[in-house]
Amino acid sequence: MSSEQPPPRNGDADVPAPDAANMARETPAPANTPDHDSGDVGKDSGEQAPARREVTVRRAPRFAPFMGLGVLVGVVIAAIVAYAGPGDPTLTRESIFGFFIMVFAIPGLLLGALLVLVLDRISVRRSRRAVAERTYDDESHTD
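Residues in the sequence shown are numbered consecutively from 1358, following the numbering used here.
Right under this line is the structure:
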């Protein structure tokens, strides 16, 4: 049992693990191909056929850099607005800058998050299916 799967509750011993639905979507090689391990095949000779799985391959963007860039753009805009405008004798430039950081950085963060969600949706559409085969670096691996 991995740390990702919760322990079975009372009476749930026969219920498959939560990842069983994901495993059902992964289609192994058909039984009539030589790469399929049908149980006893390969055990007598000491060799084991490599495991094959169909996987989805896509390039997904990371959220933090896009959101950080949105905040940075908001801070730059806040600095331009605070220090380029006319001075006010009752407020310091730093307090005006702090106010405009909140005004522009939070929407910059939200726009960065929106952009990464759009790019993530595009990457899902461009995803491809591939067959992954398990390989071992050394000969000492045994299952």
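Every residue gets a Cβ at the ideal spot worked out from N, C-alpha and C, and that includes glycine.
For clarity, every value in this text was computed on a predicted model and none was experimentally measured.
When you compare only the Cα positions, how much space is there between A1417 and S1484? In the sequence shown, counting from the first residue as 1, residue 1417 sits at position 60. In the sequence shown, counting from the first residue as 1, residue 1484 sits at position 127. If you take the alpha carbons of A1417 and S1484, they lie about 9 Å apart.
Please check the pair F1423 and L1472, which I expect to be a contact at CB under 8 Å, by giving their CB distance rounded to whole angstroms. Taking the first residue of the sequence shown as 1, we reach residue 1423 at position 66. Taking the first residue of the sequence shown as 1, we reach residue 1472 at position 115. Confirmed, Cβ separation roughly 6 Å.
According to DSSP, is A1408 helix, strand or coil? Here the question's residue 1408 lines up with position 51 in the sequence shown. Looking at A1408 - three-state DSSP - the assignment turns out to be coil, as it is neither helix nor strand.
Mind checking A1435: buried by the 16 CB within 10 Å criterion, or exposed? Looking up residue 1435 in the sequence shown gives position 78. With 16 or more Cβ atoms within 10 Å of its Cβ, A1435 is classed as buried.
Beta-carbon separation of R1456 and V1432 under 9 Å? As a first step, residue 1456 must be located in the sequence shown, where it is residue number 99. As a first step, residue 1432 must be located in the sequence shown, where it is residue number 75. Note that residue 1456 is Phe in the sequence shown, not Arg. Going by C-beta atoms, F1456 is not nearer than 9 Å to V1432.
Which residue or residues does DSSP assign as beta-bridge partners of A1439? For the purposes of this step, residue 1439 is taken as the residue at position 82 of the sequence shown. Looking at the DSSP assignment, A1439 forms no beta bridge with any residue, so it has no partner.
Report the rounded CA-to-CA distance for R1482 versus V1475, giving the unit in angstroms. Taking the sequence shown and counting its residues from 1, one reaches residue 1482 at position 125. Taking the sequence shown and counting its residues from 1, one reaches residue 1475 at position 118. Using only the alpha carbons, I get a separation of about 11 Å.
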